[in-house]
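The structure appears right after this line, and notes come after that.
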Amino acid sequence: MAITSVKNLKEFSTANERFEGAHLLCPGCAHSMIVRELMNCSDDNLVIAANTGCLEVSTAVYPYTAWDTSWIHIGFENAATAASGAEAMYKARKRKGTLKNPDAPVKFVAFGGDGSTYDIGFQWLNGAVERGHDFTYICLDNEVYANTGGQRSSSTPIGSSSTTAPAGRVSYGEKQNKKDMMSIMAASGAKYVAQVSPNKWKNMAQVFQKSLATEGPCYINAISACCTEWKFDPKDTIHISDLATDSLVFPLYEIVDGHELNINYRPKNIIPVRDYLGSQGRFKHLFKPQFEHVLNEWQTRVDAQWDYLQRREAARV
Amino acid sequence: MSLENILSNAQRGQRELGAEKKVGWDEVTQGVVINAFEYDATNVSRELSEDRKYSDFSSYTATVASWRIIKPIYNRDICIDCQNCWVWCPDTSIISRDKQMLGIDYDHCKGCGVCVEVCPTNPKSLLMFAETADGEECLAGWPVKEKKAKETETE
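So the protein sequences, as listed, match chains L and Z. Take the first sequence: its letter number 250 is residue 250 in this note's numbering, and every next letter is one higher. Take the second sequence: its letter number 93 is residue 93 in this note's numbering, and every next letter is one higher.
Dropping the structure here:
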């Protein structure tokens, strides 16, 4: 039988797998951890749409599919549109009474990478949220176009070396800061917006269940450590995610109804941002003496953001 | 899956329409649809993997064992069934039933080593060995508990 309790890991482990192995994602990829957990924490019939990206090209390589549920891929940018179209059709057929199983619970989920969410599919996502469809959009945020060889996206953070913003003798890599997608989606009218990380599996499962239960558009930004483009050993995926959440580079928080901000995870020991940056090859050049100012800027920015989040949580605005 | 199956599926769209017939915009055939199951899959979330009838199209029937250069080996004696490896395995390769860890699915494991890193026991109940290593030998030479710094000092 299927269990949807996520109170403890032993209970959760009795869930029935719906995301099959032998997909072609890199060993140690966090994408599949996130997708597996979404599929395991729900018993409902899921209708999943996927943008082009690592997840799409690796899980549906003809003649194989890794998905044990309805799954659709159309173009690079329009998973949000595909999911909202399916949802509108489902509602219409329910109203007309032409569904086979009208009582079966069906949920609509769209997956996108950060390239197709922050850049290419932004308009489509924003439109679907604005129309108020009942679906959940999950952005698998690995901060780079990993599928095509590591080009910068607007999610790439300052100082990261990517193939189109390489670090060198003069340049420290990416110059622009990461787009604040959480605030944008909250302001666009998403009912529930949250940031999750696979190393905090319980918070992630609770957020997934909450967003599936929420009526209306939900946006989830899931941090997906990419061993290939972030340049670390595949076995360290969870360790890197731990560093990301404990250094507050990726604070885990949620925004309900566009205004009510709750912080979901407060690290007991906040570690310096330096430790997080030093663990990855893409930030290696920042530890040269001439780029010291970038490291200081990182720490200041992360501290300021954490301060802002705490004040906003306390103010309830 | 046989080559004939793949080819016949690839030409299905043409067959349905008739190759010579011209079609309007609203008659265009859909893209490729593949079914992961050989039956109505409405209730798969309530069925265990071994009870399902996967079709040849499901990647459950495929293997990525050739990707591996190192493999995890599991020591049942030390395991505390915490299920950390289960929740973080990216390849659905840890087999857990009734809250117990049973073993590793070597058809789908790619040898990333995440399960070993997240294992909390001392010594670890999962360790990476070379792909060619013999399971029995590895278990026989399993490391023993590492003593804490304090205990070593008192000796």
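Think of the CB as a built atom: it goes at the ideal place given N, C-alpha and C, for glycine as much as any other residue.
Distance between residue j and residue i (C-alpha atoms, nearest Å)
i, j, result
"PRO143(Z)", "ILE78(Z)", "11 Å"
"TYR54(Z)", "CYS41(L)", "22 Å"
"TYR276(L)", "ASN122(Z)", "26 Å"
"TRP67(Z)", "CYS109(Z)", "9 Å"
"THR237(L)", "GLY24(Z)", "50 Å"
"CYS54(L)", "LYS148(Z)", "43 Å"
"GLU297(L)", "ASP303(L)", "10 Å"
"GLY159(L)", "PRO166(L)", "9 Å"
"SER247(L)", "GLY278(L)", "12 Å"
"TRP71(L)", "ILE240(L)", "30 Å"
"GLY111(Z)", "LEU46(L)", "29 Å"
"PRO105(L)", "ALA205(L)", "18 Å"
"CYS218(L)", "ASN35(Z)", "28 Å"
"LEU140(L)", "GLU56(L)", "12 Å"
"PHE19(L)", "GLU292(L)", "44 Å"
"LYS69(L)", "PRO289(L)", "Residue identity check: residue 69(L) is Thr in the sequence provided, not Lys. Approximately 52 Å, taken between the alpha carbons."
"LYS145(Z)", "LYS124(Z)", "9 Å"
"ALA190(L)", "CYS138(Z)", "52 Å"
"PHE129(Z)", "GLY135(Z)", "9 Å"
"CYS226(L)", "GLU130(L)", "31 Å"
"THR164(L)", "GLN305(L)", "27 Å"
"GLY103(Z)", "GLU47(Z)", "19 Å"
"THR81(L)", "THR52(L)", "13 Å"
"THR117(L)", "TYR145(L)", "11 Å"
"GLU254(L)", "THR156(L)", "21 Å"
"PRO27(L)", "LYS210(L)", "29 Å"
Chain Z contact for residue i (CB, 8 Å cutoff)
i, result
"ASP43(L)", "yes"
"GLY121(L)", "no"
"MET1(L)", "Legend: pLDDT at MET1(L) = 45, less than 50; position of this residue unreliable, value from coordinates given subsequently. Yes, MET1(L) counts as interfacial toward chain Z."
"ALA304(L)", "no"
"ASP246(L)", "no"
"CYS29(L)", "yes"
"ALA80(L)", "no"
"PRO102(L)", "no"
"LEU25(L)", "yes"
"GLU17(L)", "yes"
"MET89(L)", "no"
"ASP68(L)", "yes"
Cross-strand partners of residue i (DSSP beta bridge)
i, result
"VAL57(L)", "In the DSSP output, where bridge partners are listed per residue, VAL57(L) has none listed."
"CYS218(L)", "THR136(L) and TYR192(L)"
"TYR54(Z)", "PHE37(Z)"
"GLU47(Z)", "BP columns for GLU47(Z) are empty, so no partner."
"PHE129(Z)", "LYS71(Z)"
"LEU295(L)", "Partner(s): none; LEU295(L) has no beta bridge."
"PHE19(L)", "TRP67(L)"
Under the three-state DSSP convention, the category residue i falls into
i, result
"VAL249(L)", "coil"
"LYS268(L)", "coil"
"GLY103(Z)", "strand"
"ASN203(L)", "helix"
"TRP86(Z)", "helix"
"GLU260(L)", "strand"
"LYS178(L)", "coil"
"TYR60(Z)", "helix"
"TYR64(L)", "coil"
"VAL71(L)", "Reading off the sequence shown, one finds Trp at residue 71(L), where the question assumed Val. If DSSP states are grouped into helix, strand and coil, TRP71(L) belongs with the strands."
"ASP141(L)", "strand"
"MET1(L)", "For MET1(L), the predicted model reports a pLDDT of 45, less than 50, meaning its position is unreliable; a value from the coordinates is still stated below. In this structure, MET1(L) counts as coil in the three-state DSSP scheme."
"VAL109(L)", "strand"
"GLN280(L)", "coil"
"ILE78(Z)", "coil"
"SER335(L)", "Nothing in the structure corresponds to residue 335(L), since chain L is present only between 1 and 317."
Per-residue burial, residue i [other beta carbons within 10 Å of its own, 16 or more giving buried]
i, result
"HIS31(L)", "buried"
"ASP180(L)", "exposed"
"SER162(L)", "buried"
"ASP257(L)", "exposed"
"SER183(L)", "exposed"
"THR287(L)", "The sequence given here places Phe at residue 287(L); Thr does not occur at that position. PHE287(L) is exposed by the Cβ-count criterion."
"PRO234(L)", "buried"
"ASP307(L)", "exposed"
"MET185(L)", "buried"
Below-8 Å beta-carbon distance, residue i vs any chain L residue
i, result
"ASN84(Z)", "yes"
"ASP105(Z)", "yes"
"CYS138(Z)", "no"
"LYS110(Z)", "yes"
"ILE34(Z)", "yes"
"ARG46(Z)", "yes"
"THR92(Z)", "yes"
"GLU38(Z)", "no"
"ASP171(Z)", "Outside the shown range of chain Z (1 to 155) lies residue 171(Z), about which nothing can therefore be said."
"VAL144(Z)", "no"
Under 7 Å from the C-beta of residue i: neighbouring residues of chain C
i, result
"GLU20(L)", "No chain C appears in this structure, whose protein chains are L and Z."
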